[in-house]
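*Asks:*
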Amino acid sequence: MALARRQLLRLGAAGAGAVLVGISGAGSGRFRAPRWLGDPFSLGVGSGDPRPDGVVLWTRLAPDPLAPDGLGGMGRAPVGVEYEVAHDEGFRRVVRRGTAVATRELGHSVHPEVDGLEPDRWYFYRFRAGAAISPVGRTRTAPLPGAPTARLRFAFASCQSWSSGYFTAYDHMSAEDLDLVVHLGDYIYERGWRRGRVGMSVEPYLTAEAVDLAGYRLRYAQAKAEPPLRAAHAAFPWLVTMDDHEVDNNWASDSPGLGIDISLLPALFRRRRAAAFQAMYEHQPLRVESLPAGPSMLLHRRFGFGDLAEITMIDTRQYRTRQACGGNVSADCPVRFDPERTILGARQRDWLLDGLTRSAARWQVIGNQVGLGQLDSDPGPGVAVSTDAWDGYVADRGAVLGAAADRKVRNLVVITGDRHQNQVSDLRRDYTDPESPIVAAEFTGTSISSAGDGADLDPTGRRLLAANPDLKFFNAQRGYVRVEVDHRLWRGDFRVVPYVRRPGAPVRTRASYGVRDGAPGVVEL
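Taking the numbering used here, I'd label the letters of the sequence shown as residues 18 to 542.
1) Tell me which same chain residues have a C-beta within less than 6 Å of the C-beta of Arg290, skipping the five on either side of it?
2) Closer than 7 Å by C-beta to Trp380: which residues in its own chain qualify, once you throw out the five before and the five after it? Chain order, please.
3) Using the rule of at least 16 other Cβ atoms within 10 Å of the residue's Cβ for burial, across every protein chain shown, is Gly163 buried or exposed?
4) Would you give the residue range spanned by the alpha helix (DSSP H) that Asp188 belongs to?
5) Exposed or buried, which one is Asp105 when buried takes at least 16 other CB atoms within 10 Å?
6) With three or more C-beta pairs closer than 8 Å as the rule, is the segment 197 to 216 touching the segment 251 to 258?
7) Below 8 Å on the Cβ atoms is my guess for Glu130 versus Gly71; work out the distance and round it to an integer in Å.
8) Since Gly71 sits in a beta bridge, which residues does DSSP pair it with?
9) Is it true that the segment 374 to 392 meets the segment 433 to 442, where meeting means three or more beta-carbon pairs spaced less than 8 Å apart?
10) What is the DSSP secondary structure of Ala292, reduced to helix, strand or coil?
11) Rounding to the nearest angstrom, what Cα-Cα distance links Thr120 and Gln301 in this structure?
12) For Thr449, is the classification buried or exposed, using 16 other Cβ atoms within 10 angstroms of its Cβ as the cut-off for buried?
13) Take the Cβ of Val111 as the centre, count every other Cβ of all protein chains shown within 10 Å, and call the residue buried at 16 or more, exposed below.
14) Using the C-alpha atoms, what's the distance from Gln295 back to Ser41?
15) Are Ser151 and Phe58 closer than 8 Å when you measure CB to CB?
16) Going by the CB atoms, is the gap between His189 and Arg527 shorter than 8 Å?
17) Please look up how many angstroms separate the CB atoms of Gly154 and Val62, rounded, as I've assumed it's under 8 Å.
18) How about Gln87 and Leu308: are their beta carbons less than 8 Å apart?
19) Where do the N-terminal and C-terminal ends of the beta strand (DSSP E) with Gly419 fall, by residue?
20) Is it the case that the Cβ atoms of Phe171 and Glu99 are separated by a distance below 8 Å?
21) Restricting to Cα atoms, I'd like to know which of Ser467, Lys489, Pro69 is closest to Arg495.
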């Protein structure tokens with residue numbers, strides 16, 4: 018069962034604070050580590066949600082990460098986990114130390130929030146549990162608000178079905194010169210579809226659909242057991258959100274996905290959602306403000322990078338109206354224009370628009386899960402669109418893009434996952450008007466592994482390019498997008514690998530597109 022906040026209050030003086038965020042001064046002597054039969058840091062280390070004065074660190078103790086019960090080979094007792102943050106990789110200049118308490122209630126994960134750090138600089142960190150020492154991670158704080166910031170480099174990724182292929186792209190991402198990584202969802206898949214890896218052998222309990230906490234924990238452990246993913250987490254701080262497969266394919270608010278599902282009633286689905294949210298929290302570098310409260314989890318949040326950029330992570334699953342017309346590609350779905358339909362929910366929509374309006378940063382970046390711009394699948398006179406994407410929620414799209422135009426939001430760029438395709442598009446204020454002005458740009462990144470090897474330009478890509486004048490680029494190989502932004506130019510490099518069915522693929526830049534300061538349309542570079 019998912020952990021409720023009231024349960025945390027019963028954890029007593031060891032302190033819910035120690036359990037949740039890690040505290041300095043909670044001596045590890047009270048919570049001694051057992052003698053490990055395996056590496057307790059088998060799932061690696063991570064950091065995330067960077068601010069000018071600090072970051073959140075993460076690890077989960079799991080000496081047997083794929084144990085069928087989802088407990089990672091841990092017992093019932095809490096364990097003290099020490100952490101150190103230093104200026105140097107050799108930890109000769111340690112600047113912060115503390116102890117977090119790993120408990121069974123949160124899967125023996127810890128999320129110490131380290132503050133008091135200097136802005137806009139690199140740090141190194143590590144954990145210790147008993148005699149075991151974790152790998153060393155590297156993280157970076159954000160610049161001060163409004164501080165002159167010459168450049169920001171990051172990569173964004175999404176959609177990493179373990180059974181569909183190897184996570185080779187992360188090997189290459191780890192070697193990039195980046196400040197952070199943004200993950201846009203589908204970090205795990207609730208089911209192990211068999212269609213990918215050469216030589217794949219997996220226990221049946223790892224292919225069954227996850228519906229409870231143990232099942233979701235195993236999906237995360239399976240993903241994090243991959244060395245390329247662990248390396249990318251250790252190399253950079255991450256910003257994360259979720260899409261649908263962290264819970265159930267195409268879920269929406271209190272409604273389960275559109276396939277066969279045992280969660281037929283809203284109450285049962287809320288229980289499943291709570292389990293999925295808790296497992297996500299346990300395995301990601303998220304602050305205590307994102308700790309789930311049953312079937313609710315705060316994932317929309319905002320991060321500033323000096324005077325250069327603000328990244329706004331949104332949540333297009335928890336608050337949306339259920340998909341119109343079955344949630345599939347539909348050529349006749351007038352209900353998608355209903356002004357009451359929402360993908361953001363009124364409160365999140367207002368928060369998003371207020372933030373875009375008030376920000377003084379040069380670039381406004383929205384970390385978005387499903388396609389925002391219109392994507393017509395019919396190259397003829399008709400329009401056929403997916404109602405799971407923003408095409409099914411036209412009023413919310415109009416509100417966001419209309420506000421960007423009316424409020425003169427400077428340099429709005431949307432980064433998107435979900436589609437297993439690389440795409441670059443201009444975004445128009447009103448898609449019912451062919452003369453409507455371009456107000457923003459959308460860079461959609463392909464998958465890390467989902468859908469297998471893929472192809473450069475397949476029949477789907479040819480059809481979409483023919484049907485959508487605003488679609489400037491299409492590619493359906495696997496990989497990630499590397500972004501470099503300064504005060505004059507946003508540059509997105511589409512980094513692709515030729516195959517994922519077997520490991521060891523090389524990487525190349527397939528194409529580069531940009532947005533120039535003050536000119537919302539995309540240009541090929």
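Ideal Cβ positions, reconstructed from N, Cα and C, are used throughout, including at glycine.
*Replies:* This is what the structure holds:
1) Val264, Pro312
2) Leu325, Ala326, Asn428, Val430, Val502, Trp507
3) The residue in question, Gly163, is exposed, as its Cβ has fewer than 16 Cβ neighbours within 10 Å.
4) Run containing Asp188: 185 to 191, per the alpha helix (DSSP H) assignment.
5) exposed
6) yes
7) 7 Å
8) Arg68
9) yes
10) It is helical.
11) 16 Å
12) exposed
13) exposed
14) Here the model assigns Ser41 a pLDDT of 38, short of 50, so the residue's position is not dependable, and the following value carries that caveat. Taking the straight line from one Cα to the other gives about 24 Å.
15) yes
16) no
17) That pair is a contact at about 4 Å.
18) According to the sequence provided, residue 87 is Gly. The question's Gln does not apply to it. When the beta-carbon positions are compared, Gly87 and Leu308 stay at least 8 Å from each other.
19) No beta strand (DSSP E) holds Gly419; the alpha helix (DSSP H) holding it covers 411 to 423.
20) Phe171 is not a Cβ neighbour of Glu99, given a cutoff of 8 Å.
21) Ser467
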